[in-house]
Every structure is written in structure tokens, then in C-alpha cells.
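Working notes for the structure below.
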Amino acid sequence: MWKTTNLTEKFDQLFPASNKEKRLFFAPGRVNLIGEHTDYNGGYVFPAALTIGTEMVIREREDRTFHLASTNFEQRVSFTLDELTYDKEDDWGNYPKGIIKELINEGVSLTGADILYEGTIPNGAGLSSSASIGMVTAFGLATLAQATLSRVDLAKLCQRMENHFIGVNSGIMDQYAVGLCKEKHAIYLNTMTMHAEDVPLELHGHKIVITNTNKRRGLADSKYNERRSQCEEALRRIQVKKPTVQTLSDLTTADLPEMEELIGDELLYRRAKHVVTENKRTNGAKEALQNGDLAIFGKLMIGSHLSLKEDYEVTGNELDALFEAQRKVDGCVGTRMTGAGFGGCTVSLVKAEAVDSFKKQVEEEYVNETGLTPTFYICEAGNGVHERLLEVQK
Ligand code: GLA
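Numbering (the working numbering), first residue to last: 198 to 591.
Below, the structure is given as C-alpha cells:
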């Protein structure tokens, strides 16, 4: 893989010279600290942007044609503005293609472009590599076209692309975090009202450690869509008697006994219960962080994982093995799966001085348990999507 500083040189090798200007954009990945599988239920999420993500060098063309390349994939993808349909053969290229289609639908005037991407987020790790490529493309193209779309508009556009073009019924969390997070902050978002608050990540001598199970998330998309439908069905059953309830997040833990009765199905009730209890944990975690009470934050993370395991059933052997290994390490105050689940990563809150022993102990136990080797990443909270000056790169 080339270094970022070489990305424009590589661009020049791949694409014929032109008198148009090259521009460089970056969108991060994200890690969700707590508030999982709540965003498509009108609930609360609490993600931060990472400093790894997707860089994009782009230069406009005037022949209505797009040529896409990536340093991560062999495959190059080309299409015209008249060919904006999903094509399995285009593989990763469908993400930018879907974004171009959505921008056109919004009335943004695009004339074509040469684009080179370089991603540093492991694919399928649950750190939002797809929202990252989507948002960098949307933000870059909208900037070049001088479109008057806000970051929130672009996040929603990018979500529509995932929902309609790719076919994953994801919520707004990933695109929102990738688009709007601030350095050294997490963003607390109410996905019902879209009210957001930047909360300083003051960790008082702790580090946020992301551990990758290195298990590919097979069938993740279909299981994700299934969970979403189950929540919709649980809500529909509640609404028969309580039509004023708009989302599962209108309900509180005090409503649980009544919900159980109204839903009348054990599995659907557990799905709905996770959403209600996770909202409570997320609000508690935000308050704990603001009070500097990391021990409480950690306990809520543990509760979140257990609920995702037992009630929502999206963890699986590898995530559970990591969770069990991590929670017993001295100095690990909290740990949980992050993202959609079914493989991917965990996020842990670890005392700075315990990080080395954490890695050693967890690796040993996880390898023993699963035969897979984990990878660790110390999270620095970065900025949302932005343009980078090319001069600085040289
Ligand atoms: C994926 C989706 C998000 C969210 C999480 C689970 O990352 O893209 O919208 O639903 O899963 O919290």
C-alpha cells in the first residue's frame, strides 16, 4: 500500500494529465462507544470519529464519465452519468456510484471525475468503512459542484444510498458520525429529533482500545435487516393498543411489563427490551462521561454487551470470546462489541498503564479460544469529513 503522501503521484500515474485542479478529501471511520441498534428505533447513539479513514484525490472531467480506482482493490470501475445502476460486478465501486446517483437526484450538477481512494479502515470490521467512502465521495463532489447541501443533508443522502442502492436498512449513526464528529469529542445524538451534542472525551488516564476479532461479518447485512424488521413488528404490536407510541424509544424501562404483554412474543419482546434498556444505558453513559465517572461508564458498556448478546443476539462466539477475555483484565473498566455485530470489533476503556498487559493477556486467551489473532488499535477521536490542502501533503 502507498503512503498517503504518494496518493497524488499514484493518481498521476493512473489518470491522463488534465488542466483541471486535483483536490484531496478525507472522511474518518467511527467507533460507537455505546447506543447500539438504537438508531433505526428513534434512540440515542454515542459515537466518535477515528483518525483512520478514507482519503480521496479527485479531479473533475467534462465528458459525463467517472473513473474510479482504489489503492486497496485491484478492480477499477468506470461508468457514465447514464449508467447509474447497481452492478454486482462493480463491487466496491457501487458505493461511490450510488452517491453520484443520489447527488444527481438532489439536483447537484456533476460533469464526471477521475477519483483515487485509499482506505485505512479494515473492511468488515464494523468501523464504518462504507460510510467513510460514501461520505468522502458525497462531501468532495458536493464541494466541487459548490452545492448548498449541509453535512446533515449529506449524511442523510449517504444513508439513502445504503438503504436503496446497496440494500442495507442502516440507520443514520455512521454517516452522521463520519460527517459531523469533532476532534477529541464524541457526539451524543438523539436520532428521533436529530438533536446532537459534542461531548469532550476526557478520559482521565484511560485509553479507548478497539480490538478487531478478525472474523469477517458473514451474512451481517441480512441479519441486520432481520433485526430491524423484528423491531418494526414489535412496535406495530404495541401500537395496536397504544397508537401514540411512535418509536420503541418512546418507551422506558417502566413500560417493560406492559410491552411484554402487548408484544406477546418472547423473541420480539427481547429485541424491543434491548432498545429500551440500551437507551437508558446510553443516557447514563453520557452523563457519566460528563461527570468524569469512568467506572460507571465502563459498567454500562458491560451491560450493553450482555444485552446485545442475550436480548438482541448479535454478538457471536468471537465477539463474546473477546468480551470475556477483556472484562477480566485488571485495568479494563469496560468493554463491549461496537457496530452492527456478528463479528467486527469491540471497544474497551482501559487504564493507560494497563494497555500493554491488556493486549498481551487478551491476545493469549482469544487465540486459545478461537484460533484467530486479534488486532488492537488505540483510538484517537478525530474530525469528521474535510478537505485537506494538497500543499501540506507534499
Ligand atoms: C451499523 C449501522 C448503524 C447502526 C449500527 C448498530 O453500523 O450502519 O446505522 O444501526 O450498525 O448500532
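Just so you know, even glycine gets a beta-carbon here, dropped at the ideal spot from N, CA and C.
Keep in mind that this is a model prediction, so the values were computed, not measured.
Distance from Ala578 to His382 at the Cβ level is roughly 6 Å; contact confirmed, criterion being Cβ atoms closer than 8 Å. Lys217 is positioned such that its CB atom lies closer than 8 Å to that of Arg256. Phe573 places its beta carbon 8 Å or farther from that of Gly531. Counting the other Cβ atoms within 10 Å of the Cβ of Tyr237 gives 16 or more, which makes it buried.
In the three-state reduction of the DSSP assignment, Asn411 falls in the coil class, being assigned neither a helical nor a strand state. When beta bridges are read from the DSSP output, Cys529 appears opposite Val547. Contact between Ser325 and Val375 holds, with the beta-carbon distance rounding to 6 Å and staying under 8 Å.
DSSP places Asn480 inside the alpha helix (DSSP H), whose first and last residues are 463-487. Screening all residues for a C-beta within a distance smaller than 5 Å of any heavy atom in the ligand GLA leaves Glu233, His234, Asp236, Ser367, Gly368, Met370, Asp371, Gly536, Ala537, in chain order. With contacts defined by Cβ atoms closer than 8 Å, Thr317 and Pro571 do not form a contacting pair. The criterion of a C-beta distance shorter than 8 Å is satisfied by Tyr283 and Phe362. Excluding sequence positions up to five before and after Lys477, its CB lies within less than 8 Å of the CB of Thr449, Thr450, all in the same chain and listed in chain order.
Separation of the CB atoms of Pro397 and Thr334 is rounded to 30 Å, and the pair is thereby denied contact status at 8 Å.
For Asn387, the uninterrupted beta strand (DSSP E) segment begins and ends at 382-387. For Lys353, the CB contacts under 8 Å within the same chain, skipping 5 residues up- and downstream, are Ile369, Gln372 in chain order. According to the DSSP secondary-structure assignment, Phe263 is paired through a beta bridge with Phe276, Ala310.
A Cβ-Cβ contact shorter than 8 Å links Cys576 with Ile407. As the crow flies, the alpha-carbon of Met456 is around 18 Å from that of Arg424.
When beta bridges are read from the DSSP output, Tyr237 appears opposite no residue. Unbroken alpha helix (DSSP H) runs of no fewer than 4 residues, entirely contained in the segment 487-519, are found at 491-507, following chain order.
Ranked by Cα distance from Glu233, the first of Leu569, Arg413, Thr535 is Thr535. The segment 298-317 makes contact with the segment 267-279; the number of CB pairs closer than 8 Å reaches 3 or more.
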